[in-house]
């Protein structure tokens with residue numbers, strides 16, 4: 364997991380390279396997620412709240428635009 368940001372936008376990049384789905388505890392990233400309430404995976408076009416835990420499917424990248 365890593366973050367990229369500029370004055371206009373912030374993105375969270377996640378890669379699950381495991382054979383099994385993984386749960387990501389977003390509390391570990393509280394400082395970087397501060398002020399954001401939702402995200403949109405620009406690869407799948409899915410939107411979701413940026414809270415507690417995120418489930419990442421096996422062998423899946425996610426590029427999440429934070430709002």
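Residue numbers (my numbering): 364 to 430. We put the CB at the ideal spot given by N, CA and C, even for glycine. Just so you know, these numbers come straight off a predicted model, no measurement behind them.
Would residue i and residue j qualify as a contact pair, given that the criterion is a beta-carbon distance under 9 Å?
{"i": "residue 423", "j": "residue 387", "result": "no"}
{"i": "residue 377", "j": "residue 405", "result": "no"}
{"i": "residue 419", "j": "residue 369", "result": "no"}
Given a threshold of 16 other Cβ atoms within 10 Å of its Cβ, counted over all protein chains shown, does residue i qualify as buried or as exposed?
{"i": "residue 398", "result": "exposed"}
Looking at C-alpha atoms only, which residue of the options is the closest neighbour of residue i?
{"i": "residue 366", "options": "419, 410, 393 and 411", "result": "393"}
{"i": "residue 390", "options": "413, 430, 429 and 403", "result": "413"}
{"i": "residue 364", "options": "430, 421 and 425", "result": "425"}
Tell me the rounded alpha-carbon separation between residue i and residue j.
{"i": "residue 384", "j": "residue 396", "result": "22 Å"}
{"i": "residue 373", "j": "residue 402", "result": "10 Å"}
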